[in-house]
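A.B. asks: Sharing a structure here in structure tokens format.
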Amino acid sequence: MNLFLMFLTTFLIQLIITTEMNLIAPLAPFISQYFNMNPSSVIMFNIGFSLIGLLVPILGAFSDKYGKKKSLMIALIFYILGTLVSGFAKKPIVFALGRIFIGIGYFSLSGTNLSYLSEFISYESRGKASGLLRAAFGIGILFSPLYATNMISKYKVLSSVYLPLTIIGFICLLLLTRLPETATRKNIKFDIKELFIVLKKPINYKTLMVVFLILATPSLLLSFLGVFLSNNFNLDQIEIGYTYTIIAGGTIVGILFAAFFTDKIGKERLSRFFFTLVLIALIPMTLVKSLYPMIGLLTIMTIGIDGGWTAYQTLCSEINPEKRGTYMSLFYTVNAITMTIYSILGPIFYNLGNYRLLIIIAIINGIIALKILYSTPIEQTILNNRTPS
């Protein structure tokens, strides 16, 4: 078993899907001009992208039943097709269609990537594997704004941004053919009832509720940041890209800390610490009106979001070891639901109360999430599941 090739392939997959996911917000001013639309409506291109994520549990069940490698390959083909369609789109509807295909790839690949690695790595060492994938996520978040804004400034076409992602996608598809398949479980039912069986457990739906509530913060604040910076501080496209990159530095810090210390400090303890940090950063944002303090607080927020997500995802990957693919696909389906809801409601909230209202909504969600997280003994449940009766 070639672990290096396995890590390299899943790393590259995580890198390209994260890069594309993070293109829309910093390019909002350009995209609005490119397709002649209202800048605050650009986030609605995420609706098709995220809405299709509701179908991801089907691929999750497929990965448990027929193998996670097959699931990765199918999802990657959808992603590659989507980058081609979006890159050469001349009309908004075509661009939206391409992002639907990319959405199928993103949510399935995000859930299956860690599930695939988890089949070959013990739970005790899984924090490092999760940290590697989150490092790819962090690099994508860090460099995609600069990559996208500079390519757009130079070539003025979307294909200049999307074609390199297509090429790397093809390389990953070839690398996957060299990797081993995971064990298959023929007893997994390929229907909606399987999802309800997983959701019936209190530990499962509580942990998924935390996902929904926590992800409201980046779904709102980072999606509208480009528009906010353009409207309130008159930043141009390149300056917006640099601002996103500075804030993404928090992502890198959070991920690296979680990667090195998740297994040592404890996955549950670190999740609680980082998600509490998010709330601490959000509260003073309601009073800040200057650019640099806002950037500083947003950077602290991303440390908490991405450090917490790294630890929390790793923690939850062991809750349902027999149906890991199904549960982790639900993990990212909730991600899709969150993005869909706030892609629809976000423009309404932004037009009603500007960026400040988005911050207040994020604070309310964060308080509820922490209450659930601190009252749910996840690690104890995992230990009980692993202890022979």
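Every letter in the sequence shown is one number past the one before it in numbering that gives the first Met the number 0, and letter 41, counting from 1, is 40.
Glycine included, every Cβ here is placed at the ideal spot set by N, Cα and C.
1. Looking only at C-alpha atoms, which of ILE103, TYR65, LEU145 sits nearest to GLY248?
2. When DSSP labels each residue in this structure, what does ALA183 get in the three-state scheme?
3. So, helix, strand or coil for VAL287, using DSSP?
4. Taking the alpha carbon of TYR243 as the point to measure from, which residue in PHE260, LEU220, PHE256, LYS263 has its own alpha carbon closest?
5. Express the C-alpha separation of ASN149 and THR82 in angstroms, rounding to a whole number.
6. Going by alpha carbons, who is nearest to SER62 out of ILE30, GLU180, SER49?
7. Looking at the structure shown, is ALA24 part of a helix, part of a strand, or coil, going by DSSP?
8. Span of the alpha helix (DSSP H) holding ALA247?
9. Return helix, strand or coil for SER121, following the three-state DSSP convention.
10. Answer yes if the region 218–236 comes into contact with the region 263–275, meaning at least three C-beta pairs across the two stretches below 8 Å, and no otherwise.
11. Where does PHE232 land, buried or exposed, given buried means 16+ other C-beta within 10 angstroms?
12. Just curious, the alpha helix (DSSP H) that ALA215 is in, first and last residue?
13. With H, G and I counted as helix, E and B as strand and the rest as coil, what does DSSP make of ASN35?
14. With distances taken between CB atoms, is the gap from GLY139 to THR17 smaller than 8 Å?
15. Could you check whether ILE15 and PHE446 sit closer than 8 Å to each other, using their CB atoms as the reference points?
16. Where does ILE318 sit, in a helix, a strand or coil, going by DSSP?
C.D. replies: A quick look at the data gives this:
1. Here residue 248 refers to the residue found at position 249 of the sequence shown. Checking every option, the nearest Cα to that of GLY248 belongs to LEU145.
2. Start at 1 with the first residue of the sequence shown, and residue 183 comes out as number 184. In the sequence as presented, Ala is not what sits at residue 183; that position holds Thr. Looking at THR183 - three-state DSSP - the assignment turns out to be coil, as it is neither helix nor strand.
3. Reading the sequence shown from its first residue, position 288 is the one you call residue 287. Secondary structure at VAL287: coil, using DSSP grouped into helix, strand and coil.
4. Start at 1 with the first residue of the sequence shown, and residue 243 comes out as number 244. By alpha-carbon distance to TYR243, the top candidate from PHE260, LEU220, PHE256, LYS263 is LEU220.
5. What you label residue 82 is simply residue 83 of the sequence shown in a count that begins at 1. What you label residue 149 is simply residue 150 of the sequence shown in a count that begins at 1. Cα to Cα, the separation comes out at about 18 Å.
6. Position 63 of the sequence shown, counted from the start, is the residue given in the question as residue 62. Nearest option by C-alpha distance: GLU180.
7. Locating residue 24 in the sequence shown gives position 25, where the first residue counts as 1. The answer is coil: DSSP assigns ALA24 none of H, G, I, E or B.
8. For this step, residue 247 is matched to residue 248 along the sequence shown. Looking at the DSSP string, the run of the alpha helix (DSSP H) that includes ALA247 is 236–264.
9. On the sequence shown, position 122 is the one that residue 121 refers to. Note: SER121 maps to coil in three-state DSSP.
10. no
11. Sequence index remark: in the sequence shown, residue 232 carries index 233 (1-based). PHE232 is exposed by the Cβ-count criterion.
12. Taking the first residue of the sequence shown as position 1, residue 215 is located at position 216. 215–220 is the extent of the alpha helix (DSSP H) around ALA215.
13. By 1-based counting over the sequence shown, the position of residue 35 is 36. DSSP, reduced to helix, strand and coil, places ASN35 outside both helices and strands of the structure shown, so it counts as coil.
14. Position 140 of the sequence shown, counting from 1, holds the residue named residue 139. Position 18 of the sequence shown, counting from 1, holds the residue named residue 17. Cβ atoms of GLY139 and THR17: closer than 8 Å.
15. No answer is possible for residue 446: the residues shown for the chain start at 0 and end at 388.
16. Translated into the one-based positions of the sequence shown, residue 318 becomes position 319. Correct three-state label for ILE318: coil.
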